[in-house]
Ligand SMILES: Nc1ncnc2c1ncn2[C@@H]1O[C@H](COP(=O)(O)OP(=O)(O)OP(=O)(O)O)[C@@H](O)[C@H]1O
Ligand SMILES: [Mg+2]
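In the numbering used here, the protein residues as written are 6 to 373.
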């Protein structure tokens, strides 16, 4: 009798970290982690339907989920996408390109880019995050090291794509089935020099690379460094919208003015419209300065302010520092604020009324 040896599983803690290499899409590799799903209760609120109606919708689109009960039940992004489409939501034909930018540091650009990206993906949008900041904070915000990946000088970044004139795909890493990232390392500090020396039309430096992948995504989000740099002008030139996070302090308002001026300059050089949208971050109603600055910003920029503002919340810090999923905690104000911002950006409110399709069960499903 032949005795088969059972191979020992390699211990995870001793295994050598894998290189975080791009091109995972081209190679058809599996994503690094499971998708960010959405709680049933959140989806129900976004759709504006009663619990009984939501159960009907789930029975139709995700019969396997009906066995599981409770508000904690999660719905996969692919199912959410089908539900939204069936209810008449129009996904963008070409990705909407968004830069999160302000020349002042520490205003929450990365925090917003990361959590907005996650939340968009849980609503079923196909998202590409582009880390243009040499600090690489957005890249580390997904705890890829914990998944056994090493980000180092060999990691393919935006600078390499431009300098070697290779497709953006070579740098894209698939985090989940519908959330990708172009990572960044300190070597992206050379991006500015490269654009300065090599690009005739600097504000268009990224346009062609982004355009080549645009039809595969619904949203492409650039996380930018706190600067007025060539790289940031190029990000603005490749954007349909710039989100400007402002926090309650004097320097932040100055940064806001500077950045809006820069956007206006870039706008003159490109043919498409670039929208500026200000989001008030780190609001705390208990602080007099917070209320004062909110008043100032809201009156000066009332035409370009998001309705949503993001309150100060330790959960936002924890979501990155401790890889805690922000959307798991029902008491978190940050969870509510980021969700609201996501729905404002995507205009998800338009899906409240269902589309009628003869012969489908959704015909009987009425929005309330
Ligand atoms: N609403 C908030 N409540 C509490 N902490 C917040 C909030 N928004 C951001 N922070 C914290 O503020 C710090 C700076 O945030 P973040 O790194 O996102 O800013 P940034 O604008 O990207 O910074 P940089 O300009 O250096 O890139 C982080 O520690 C983050 O957790
Ligand atoms: Mg940042």
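Every residue gets a Cβ at the ideal spot worked out from N, C-alpha and C, and that includes glycine.
{"Item": "Three-state secondary structure (DSSP) at residue 335?", "Value": "coil"}
{"Item": "Between residue 332 and the rest of its own chain, which residues show a CB-CB distance below 6 Å, the 5 nearest in sequence each way excluded?", "Value": "340"}
{"Item": "Any chance the CB of residue 317 is under 6 Å from a heavy atom of ligand 2?", "Value": "no"}
{"Item": "By the three-class DSSP mapping on this structure, what secondary structure does residue 353 have?", "Value": "helix"}
{"Item": "Within a Cβ cutoff of 7 Å, which residues of the same chain sit near residue 257, ignoring the five residues on either side of it in sequence?", "Value": "109, 112 and 251"}
{"Item": "Would you kindly work out how many angstroms separate the C-alpha atoms of residue 263 and residue 335, rounded to a whole number?", "Value": "37 Å"}
{"Item": "For the beta strand (DSSP E) that residue 285 lies in, which residues bound it at each end?", "Value": "280-285"}
{"Item": "Does the stretch 294-302 come close enough to the stretch 228-239 that 3 or more CB-CB pairs lie under 8 Å?", "Value": "no"}
{"Item": "So, for residue 353: in the same chain, excluding its five sequence neighbours on each side, which residues have a beta-carbon less than 6 Å away from its beta-carbon?", "Value": "51"}
{"Item": "For residue 186, list the residues DSSP reports as bridge partners.", "Value": "134 and 178"}
{"Item": "Inspect the CB distances between the stretch 43-50 and the stretch 77-85 and report whether three or more fall short of 8 Å.", "Value": "yes"}
{"Item": "For ligand 1, any of its heavy atoms closer than 6 Å to the Cβ of residue 249?", "Value": "no"}
{"Item": "Once you ignore the five residues that flank residue 284 on each side, which residues in its own chain have a CB closer than 8 Å to its CB?", "Value": "117, 248, 249, 250, 251, 310, 311, 313, 314, 315 and 346"}
{"Item": "Check whether the Cβ of residue 114 lies closer than 6 Å to any heavy atom of ligand 2, and answer yes or no.", "Value": "yes"}
{"Item": "Determine the extent of the beta strand (DSSP E) in which residue 201 is found, giving its start and end residues.", "Value": "Element bounds for residue 201: not the beta strand (DSSP E) but the alpha helix (DSSP H), 195-203."}
{"Item": "Which residue wins for smallest C-alpha separation from residue 188, given the options 208, 150 and 200?", "Value": "150"}
{"Item": "To the nearest angstrom, how far is it from the Cα of residue 246 to the Cα of residue 65?", "Value": "36 Å"}
{"Item": "Measuring alpha carbon to alpha carbon, tell me which residue in 205, 140, 239 and 174 is nearest residue 194.", "Value": "140"}
{"Item": "According to DSSP, what are the bridge partners of residue 345?", "Value": "Paired residues: none, contrary to the question."}
{"Item": "According to the Cβ coordinates, are residue 343 and residue 124 closer than 7 Å?", "Value": "yes"}
{"Item": "DSSP three-state call for residue 155: helix, strand or coil?", "Value": "strand"}
{"Item": "Can you look up residue 101 in the DSSP assignment and give me helix, strand or coil?", "Value": "strand"}
{"Item": "Could you give the distance in angstroms between the alpha-carbon of residue 338 and the alpha-carbon of residue 201?", "Value": "42 Å"}
{"Item": "Using the C-alpha atoms, what's the distance from residue 168 back to residue 281?", "Value": "30 Å"}
{"Item": "For residue 381, is the classification buried or exposed, using 16 other Cβ atoms within 10 angstroms of its Cβ as the cut-off for buried?", "Value": "Outside the shown range of the chain, which is 6 to 373, sits residue 381, and nothing can be said about it."}
{"Item": "On the DSSP bridge assignment, give the partners of residue 80 in chain order.", "Value": "43"}
{"Item": "Closer than 6 Å to a non-hydrogen atom of ligand 1 - does that hold for the CB of residue 260?", "Value": "no"}
{"Item": "According to DSSP, simplified to helix, strand and coil, what is residue 249?", "Value": "strand"}
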